[in-house]
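A short worksheet on the structure shown next.
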Amino acid sequence: MSEPYQPVIIGFLCNWCSYRAADLAGTARLHYAPNMRPIRVMCSGRVEPDLVLKALREGADGVLIAGCHPGECHYIEGNLKTLRRFVLLQRLLRQFGIEEERVQLVWASASEGTVLAAAVNRMTEQLRAMGPLRWRQNVLGGNGHGPAQVVSQPVTLASEEA
Amino acid sequence: MEEKVGVYICHCGTNIAGMVDVKEVAQWASEQPNVAVARDYKFMCSSLGQDMVETDIKKLGLTQVVVAACSPHMHEKTFRGACQRAGLNPFMFEMANIRELDSWATDNHAAATQKAKAMIKGAIARVMLHQPLEALRVAIDPHTLIVGGGIAGITAALELANAGYPVYLVEREPSIGGHMAQWDKTFPTLDCAACILTPRMVDTGQHPNITVLSYSEVEGVEGYVGNFTVTVRKKAGYVNQELCTGCGICEEKCPKKVVDDVFEAGLGTRKAIYRPFPQAVPKYPVIDVKSCIYFQRGKCKACQIFCPPGAIDFEQQDQLLKLQVGNIIMATGYDPFDARRIPRYGYGRLANVFTSIQFERMVNASGPTGGRILLRDGATEPKSIAIVHCVGSRDENYNEYCSRVCCMYSLKFAHLVRERLPNAEVYNFYIDVRAAGKRYEEFYHRVMKEGAHFIRGRVAEVTDAARTPDEEGKLIVQVYDTLFGAQRRIPVDMVVLSVGMESRHDARKVVQQFGLGCDMSGFFTERHPKLDPTLTMVEGIFIAGACQGPMAIPETVAQGGAAAARVASMIGQGTVVMEPIKAHIDADQCSGCRVCNTLCPYNAIVYHADQKVSEVITALCQGCGTCVAACPSSSITGAHFTREQLMAQVEGLLWDVRELEMTE
Amino acid sequence: MAAKQKPKLAMYWAAACGGCEISVLNIGDKLLAVDEAFDVAFWPVAADFKVKDVEAYPDGYIDLCLFNGAIRTSENEEMAHLLRRKSKVLVAFGACASEGGIPALASLTTRQAIFRTVYLDNPSIDNPDGVLPQPISQVPEGELRIPTYAETVRALDQVVPVDYVMPGCPPEPHQIGAVVEAIISGATLPAPGSTILGAGNSAVCDECPLEKHEKKIQRFYRPYAINPQPGVCLLEQGLVCLGPATRCGCGALCPQVGMRCAGCYGPLDGAADQGARILAAIASVVDAGNARDDEAALMHKAQEVMDMLADPAGTFYRFSLAHSLLQRARVADPPPSPREAAPAGKEMHHETHHD
């Protein structure tokens, strides 16, 4: 395999600040790692831990949550809720053996295309160094139901056969 | 019902096609499950591009549409419109931004193509779960509440009133007029502020469509655009406005004089019963309870004794008024930066250090010195005056922003000094001279020609500690002159601190009351800094003037008019359309846990104690989704951003790294 | 057999504690109705049927099988498949079968780590040769096989399709009684397909009599750390109560006596992950800092409060880890202990061999 490992990051971008920052980065032809696949939400406050966990489960190597700077949230304080959920989620993920670099929170106002691009670049390199997560394949194994050592097809208990 | 998704990949000339292999992506898209047709085209936003979508919807019976092109901020409306014209609900549409967020952001063709596919797959997965949504229409009450009676509020009030619409103008002080009433001359025209303001004030006070509620404050705001209920406290002034003729005898006879901290900025005095200034509108004085001898000690009552029509009423009570309005314009203005926060400038310690507001009152002919520039002793004319720019502004220790007006008013002061005291030296200590408006730069040159001295450097200190004999008895301005390249000590008689503009001290309380946003400095947040400076994120609430950010009179008047124009257009239409991206609580599933109750900054969530469930008031909901994410029982759905839609989008985006066989 | 056949009832316990069986016994008089209405075809705790009896039944012979306990061993799994084949209606009974339950917390560590604790490091174990369970061992009588242990504990529906689910640890007797009555009376049950029975559609808060107010949590307490004020919502007092994210049906028994809900009735409809829901809710109402704080201060204040919440994984996923989105923790095996014997037969981490 000569291709270097390309981490896949799911990015949640809030419509008013960080999504516009990403738009701005593109408009300015600022090139950055293409590894972040974006999802637009109206506010970073919409980002729930379920979505982060889902992304990690479905094969993402990392998740980036981006919102407006505290004090500048378009919806006043949605981003503060995001921050608090993020802090608790990181503690949870630590117990699940997921490194804190894999889920990151970044504030980027609509004019901060460079900040967002830099965050994506930085995260991509961090994840590249850490290697893939690929939860289903590597951690859950098989169909996501458990590692292969447990027999999954019906079997008669041989000892009672006779 | 079978889903039939139409997928359209835009080339955008070479903007997308130059990096993303659009043909391959279109071919790949056409092979995806549920995709009825996939096309690529040079410019999807063109009329031909839109026609393509509309034709496919009609001929192929498409149930959803995905357009992979530029940012939704560019063309989401365009394509939603195309869907609607073809008879498909506009919300059965999703855009994949493969330009700004893909082709423009990388130089790697393969990666760009792969990312485009992922984004399209995510869009397809999501759009299949979209629900048709209808925008809501709400009726508009034609009354408008304007909070703040300064030049912004007055402008907006007159615009609306002249258009034939009723206005309530609420002002905290006993008179309208705001800060502009304190000024002497306005830059660059050197118009007398009172002369241009007072006619408007009179018009406002007399206009049949304007109800001026002076000495009043907003106590509560409920409701939503078109239907606000505002509680206003009309404070007791202890003067019966039906009887008062405005003769002023009460003010004359009142024995209690106090320092006027508001209008005279601490430079002059007023009585305990007072009008803020002679041209006050309304003309009725009010009694300041804290200073009034009767209220404090039970004696005096001189005003009542001498009042010819017997208009003094010590028993008067505050009134609580409930106003029904359709729109609100916030025009609450600003507070000047408190110069005491910079002790090394000596304000409050060194007698002859004044703030710019005080200097305005000093040069004002109806001010405490009758328009004469005098030292604190009230008698001596200064022979040299230092004007210190950027006090509290452009300073990471106080406010990082530029307050926009101070350079111009500092130049104005320099001019006025040269005019009134032709033999006095005047020094302007500046960082940059910001003279960006019409005829501002010319005014700057004029002032330079008039002989004002300009020294480029942020003043380090104002001190009275003399080092040399000619510094004795003077105030010394210590500065590093950056053009000269050396430290300088300039001894002067008077120092004027050009203080910046800050948000009102209670801006944050107001923000919470009205459900608005403000930035870290307390200035109200506009909907778009470029294109919508007078709208806020709350439908039906507008902002105008310095409450939005530092600005001078022309910008303020423009904003007042702009806000009024928007309000007038809404009233004219009679109803307002609201985006259907809203939260909804399923009352059966809601357990009444009340986790959501504190989460809504727009107070859109109410708790019904009798049924023990919470409810979202649709018209107030701004669609942020914070409550949707937080609801532990999953009772709150966020239209157009449901959990299922977002989960599907995640799965779609990860199409190439998920396990292929899924049994869950 | 000319006499009318009574429908056949089975109840089986996989990785279980026995509490579900006791809860069934606790339905009281209704047990007589059960006895009258059903013939027991298989119930290890109560009757002496053997697995080979079950294997001999025709497919679908058992009308109603209440399967409790999670799937941890190869035996659990084999029985799950067997009972699915032999039962018309298979009910995942209790939290362990429904969501993984307490046994599923094993997925936060590794099998090897568990074995070390149980067989080597536990102070009350006398195991001088450091022997760990072997799936196949040679004994004088011949070859002895014992079930193998999975790394990840699963819920029943992750192994076989399940018709109905009765949540709870255990399902409350009054709920069991109601379901049993419905079946006996021949009432039409809702369409099968992991359909919830014996529980409500709303959260525990719906049944909880404690008074709820606007929520602003400034600190967290372990359950033993405070005597909560009676009559007031426990979550508001800083106890990590999972009631808001837990399906009702139990009657909110725990919060009523000042014990925070641990979430045993599992998640509600619309939740992909019970732990994520309660995490989101609790974090959203933490009162730590405000918009005037700078970014570092905000982060710090949030961290200070969250650090008071001990063991988020174990708390939020106490009963539902098997059904959670991540399902297990990504943890390395501990290094082998010097007390571990050199393996005589097959290693536990090899694939199970079967003939």
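Same order as they appear, the protein sequences are chains A, B and C. Each residue of the first sequence is one higher than the last, beginning at 1 in our numbering. Each residue of the second sequence is one higher than the last, beginning at 163 in our numbering. Each residue of the third sequence is one higher than the last, beginning at 827 in our numbering. Idealized CB from N, CA, C, for every residue including glycine. Since the model is a prediction, treat every value here as computed from it, not as a measurement.
Query - Short CB-CB distance (under 8 Å) between F1142 of chain C and chain A - result: If you number the third sequence from 1, residue 1142 of chain C lands on position 316. True, the Cβ-Cβ gap to chain A drops below 8 Å.
Query raised in the report: Is the CB-CB distance between A906 of chain C and V985 of chain C below 8 Å?
Result: Within the third sequence, residue 906 of chain C is the residue found at index 80, counting from 1. Within the third sequence, residue 985 of chain C is the residue found at index 159, counting from 1. In this structure, V985 of chain C lies closer than 8 Å to A906 of chain C by Cβ.
Report task. Could you name the residues of chain C that G731 of chain B contacts, counting a contact when the two beta carbons are closer than 7 Å? Result -> Against the second sequence, residue 731 of chain B aligns to sequence position 569. Per the sequence presented here, residue 731 of chain B reads as Ser, with Gly not at that position. By Cβ distance, chain C contributes nothing, its closest Cβ being about 32 Å from S731 of chain B, past 7 Å.
Query raised in the report: How about M214 of chain B: is its Cβ closer than 7 Å to a heavy atom in the ligand HEM?
Result: Of the ligands one can find in the structure shown there are none, so the ligand HEM has no counterpart to examine.
Requested in this report: Report yes or no: do the region 250 to 261 of chain B and the region 293 to 302 of chain B share at least 3 C-beta pairs separated by less than 8 Å?
Outcome: yes
Query raised in the report: Any chance the region 585 to 596 of chain B sits against the region 541 to 556 of chain B, with 3 or more Cβ pairs inside 8 Å?
Result: yes
Report task. Pick helix, strand or coil for N251 of chain B, following the three-state DSSP scheme. Result -> As a working mapping, residue 251 of chain B is identified with position 89 in the second sequence. In the structure shown, N251 of chain B sits in coil (DSSP, three-state: anything other than H, G, I, E or B).
Query - DSSP three-state assignment for S1150 of chain C, whether helix, strand or coil - result: Residue numbering aside, residue 1150 of chain C sits at position 324 when the third sequence is read from its first letter. Here S1150 of chain C sits in coil by DSSP.
Requested in this report: Output the distance between the C-alpha atoms of D61 of chain A and S555 of chain B, rounded to the nearest integer angstrom.
Outcome: Reading the first sequence from its first residue, position 61 is the one you call residue 61 of chain A. Reading the second sequence from its first residue, position 393 is the one you call residue 555 of chain B. Answer to the nearest angstrom: the Cα atoms are 45 Å apart.
Query raised in the report: With 16 other CB atoms within 10 Å as the buried threshold, where does Y1050 of chain C fall?
Result: Counting from 1 along the third sequence, the entry for residue 1050 of chain C is found at position 224. Y1050 of chain C is exposed by the Cβ-count criterion.
Report task. Return the residues of the region 19 to 34 of chain A that lie within a Cβ-Cβ distance of less than 9 Å from chain B, sorted by chain order. Result -> Y19, R20, A22, D23, L24, A25, G26, T27, A28, R29, L30, H31, Y32, A33, P34
Query raised in the report: Taking the C-alpha atoms as reference points, what is the distance between M492 of chain B and G734 of chain B?
Result: As a working mapping, residue 492 of chain B is identified with position 330 in the second sequence. As a working mapping, residue 734 of chain B is identified with position 572 in the second sequence. Near 20 Å, if we compare the C-alpha coordinates of G734 of chain B and M492 of chain B.
Query raised in the report: Got a sec, what are the start and stop residues for the beta strand (DSSP E) D50 of chain A sits in?
Result: As a position in the first sequence, residue 50 of chain A is number 50, starting the count at 1. From DSSP, D50 of chain A is part of no beta strand (DSSP E) but of the alpha helix (DSSP H) over 49 to 57.
**Report entry** Three-way DSSP call (helix, strand, coil) for Y456 of chain B in this model
**Finding:** Start at 1 with the first residue of the second sequence, and residue 456 of chain B comes out as number 294. In this structure, Y456 of chain B counts as helix in the three-state DSSP scheme.
Query raised in the report: From A272 of chain B to A278 of chain B, what distance separates their C-alpha atoms?
Result: The sequence position of residue 272 of chain B within the second sequence is 110, counting from 1. The sequence position of residue 278 of chain B within the second sequence is 116, counting from 1. C-alpha separation (whole angstroms): 10 Å.
Query raised in the report: Is the region 556 to 572 of chain B touching the region 651 to 671 of chain B in the sense that three or more CB pairs, one from each, lie closer than 8 Å?
Result: yes
Requested in this report: Scan the region 555 to 637 of chain B and note each continuous beta strand (DSSP E) run of 3 residues or more that stays entirely inside, going in chain order.
Outcome: 587 to 592, 615 to 618, 621 to 625
Query - Burial state of K220 of chain B, where buried means 16 or more other Cβ atoms lie within 10 Å - result: Within the second sequence, residue 220 of chain B is the residue found at index 58, counting from 1. Counting Cβ neighbours within 10 Å, K220 of chain B comes out exposed, since fewer than 16 surround it.
Query raised in the report: So which residues of chain E does S1011 of chain C contact, with C-beta pairs closer than 7 Å?
Result: Included in the structure are the protein chains A, B and C, with no chain E among them.
Query raised in the report: Can we say the region 538 to 545 of chain B touches the region 679 to 686 of chain B, given the rule of at least three CB pairs closer than 8 Å?
Result: no
Query raised in the report: Residues in its own chain within less than 7 Å of E99 of chain A by CB, not counting five upstream and five downstream?
Result: If you number the first sequence from 1, residue 99 of chain A lands on position 99. Closer than 7 Å at Cβ, skipping near neighbours: M130.
Requested in this report: Taking I901 of chain C as the query, report the chain B residues whose CB atoms sit under 8 Å from its CB, ordered along the chain.
Outcome: For the purposes of this step, residue 901 of chain C is taken as the residue at position 75 of the third sequence. For clarity, residue 901 of chain C is Glu in the given sequence; the question names Ile instead. Neighbours of E901 of chain C on chain B: none; closest Cβ ~22 Å, over 8 Å.
Report task. Could you spell out the range, first to last residue, of the alpha helix (DSSP H) harbouring G382 of chain B? Result -> Along the second sequence, read from residue 1 onward, the residue named residue 382 of chain B stands at position 220. Not the alpha helix (DSSP H): G382 of chain B falls in the beta strand (DSSP E), residues 378 to 386.
Query raised in the report: Taking C-beta to C-beta, are A482 of chain B and T348 of chain B nearer than 8 Å?
Result: Here the question's residue 482 of chain B lines up with position 320 in the second sequence. Here the question's residue 348 of chain B lines up with position 186 in the second sequence. The question names Ala, but residue 482 of chain B in the sequence shown is Leu. For L482 of chain B and T348 of chain B, no; Cβs fall outside 8 Å.
Requested in this report: Indicate the three-state DSSP secondary structure (helix, strand or coil) for V985 of chain C in the structure shown.
Outcome: Here residue 985 of chain C refers to the residue found at position 159 of the third sequence. Coil.
Query raised in the report: Would you call the CB atoms of A622 of chain B and Y642 of chain B closer than 8 Å?
Result: Indexing the second sequence from 1 puts residue 622 of chain B at position 460. Indexing the second sequence from 1 puts residue 642 of chain B at position 480. For A622 of chain B and Y642 of chain B, yes; Cβs fall inside 8 Å.
Query raised in the report: Counting pairs of Cβ atoms below 8 Å between the region 1102 to 1114 of chain C and the region 1007 to 1016 of chain C, do you hit three or more?
Result: no
Query raised in the report: Within the 8 Å Cβ cut-off, does A63 of chain A reach chain C?
Result: Here the question's residue 63 of chain A lines up with position 63 in the first sequence. Residue identity differs from the one stated: residue 63 of chain A is Val in this sequence, not Ala. Output row for V63 of chain A: interface = no.
Query raised in the report: Beta carbon of G1089 of chain C, beta carbon of A1117 of chain C: below 8 Å?
Result: Working through the third sequence from its first residue, we reach residue 1089 of chain C at position 263. Working through the third sequence from its first residue, we reach residue 1117 of chain C at position 291. The answer is no: Cβ separation not under 8 Å.
**Report entry** Chain-order list of residues whose beta-carbon lies under 7 Å from that of Q811 of chain B (same chain, five-residue window excluded)
**Finding:** Indexing the second sequence from 1 puts residue 811 of chain B at position 649. So the qualifying residues of the chain are G284, A287, R288.
Query raised in the report: Nearest to E178 of chain A by alpha carbon, out of B:K415, B:G800, B:W817?
Result: Residue 178 of chain A is absent from the structure shown; chain A starts at 1 and stops at 162.
Requested in this report: Could you work out which residue in B:D497, B:V515, B:C568, B:P498 is closest to P505 of chain B when comparing CA atoms only?
Outcome: Taking the second sequence and counting its residues from 1, the one referred to as residue 505 of chain B is at position 343. It is B:V515.
Query raised in the report: Counting only beta-carbon atoms, is A1088 of chain C nearer than 8 Å to chain B?
Result: By one-based count along the third sequence, residue 1088 of chain C stands at place 262. Output row for A1088 of chain C: interface = no.
**Report entry** Spatial distance of F605 of chain B from L405 of chain B (CA atoms)
**Finding:** Taking the first residue of the second sequence as 1, we reach residue 605 of chain B at position 443. Taking the first residue of the second sequence as 1, we reach residue 405 of chain B at position 243. For F605 of chain B and L405 of chain B, the distance between alpha carbons rounds to 48 Å.
**Report entry** Same chain, Cβ closer than 6 Å to I1022 of chain C, neighbours up to 5 away in sequence not counted
**Finding:** Here residue 1022 of chain C refers to the residue found at position 196 when the third sequence is read from its first residue. Answer for I1022 of chain C: V991, listed in chain order.
Query raised in the report: G26 of chain A to Y330 of chain B, Cα distance in whole Å?
Result: Start at 1 with the first residue of the first sequence, and residue 26 of chain A comes out as number 26. Start at 1 with the first residue of the second sequence, and residue 330 of chain B comes out as number 168. Spanning the two alpha carbons is a distance of roughly 46 Å.
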